[in-house]
Amino acid sequence: MSNLGSCWCEQLLKVIITVVPRKSGGTTGAALGNLVKAEGLYSQPRPTKFISSVSCQSTRQCKSQLRWAGHVFRMKDHRLPKIALYGEIRSGHRYRGAPKKRYKDCLKKTFTACNIDHRNWSDFAADRSAWRLISSKGVTLFEETRRDTIKDKRSRRKARAASAVSPDPAFSCRLCCRACRSRIGLFSHERSCRQRGHSLPS
């Protein structure tokens, strides 16, 4: 249940970060946008619990899955959690021709992200101390990779914005003098200006 809640919270926080500042606008969007600014969120110290929970929710979920997998593997075979770990789902959607997945198969994605070999993870999970060490190193690597990916995406996005085509002064609106980037854009903008009641200057 905790893993399911973590997945739901992660999706909700992604919506808060990406959608709310864009849709709300005004002071509310600006304040929230400043709160979750990329530079302060991923590279600076985290002063609030809100920023801390947003920045490492995926890492916490990954850490919980690894701890749970090791704990369940060391259980007796007759325990229900271990039966669920290796048992197949009775009903549900799957690709045509694909085998029925077990929760053990779903853990492969987490193992790959943490650089843990899914073929012999059970050998490490049998030793509690060794599994804790491997899990800790894997989660640290996952967090570093996630931050590097976010920084790379942000730098590429900023580079695209800096190299964007500047508006051509030849395509300036005759009603509000706004510069557009193309002729079709100028046509659409002037139509919107006329609908809003703007008129040609006399």
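Every position in the sequence shown, counted from 1, becomes a number in my numbering once 73 is added. Positions of the beta carbon are idealized from the N, C-alpha and C atoms, including for glycine.
Under the rule that 16 or more other beta-carbon atoms within 10 Å means buried, what is residue i, buried or exposed?
i	result
Ala198	buried
Gln134	buried
Leu206	exposed
Gln268	exposed
Thr139	Residue identity differs from the one stated: residue 139 is Leu in this sequence, not Thr. Under this definition Leu139 is a buried residue.
Thr222	exposed
Thr183	buried
Please tell me whether residue i and residue j are closer than 9 Å, where the distance is taken between their beta carbons.
i	j	result
Cys250	His262	no
Phe215	Thr132	yes
Lys149	Glu161	no
Arg201	Arg147	yes
Lys136	Tyr159	no
Who pairs with residue i in a beta bridge, going by DSSP?
i	result
Arg254	According to DSSP, Arg254 bridges with nothing at all.
Ser245	Ala252
Glu161	Arg175
Just checking my contact of residue i with residue j at CB under 8 Å: how many whole Å lie between their CB atoms?
i	j	result
Arg247	Leu273	6 Å
Open item on the list: With three or more C-beta pairs closer than 8 Å as the rule, is the stretch 185-197 touching the stretch 207-216?
Closed with: In this structure the stretch 207-216 lies against the stretch 185-197, because at least three pairs of beta carbons, one per stretch, are closer than 8 Å.
Assess contact between the stretch 193-208 and the stretch 140-152, defined as three or more Cβ pairs (one per stretch) separated by less than 8 Å. Is contact present?
With the cut-off at 8 Å, the stretch 193-208 and the stretch 140-152 touch.
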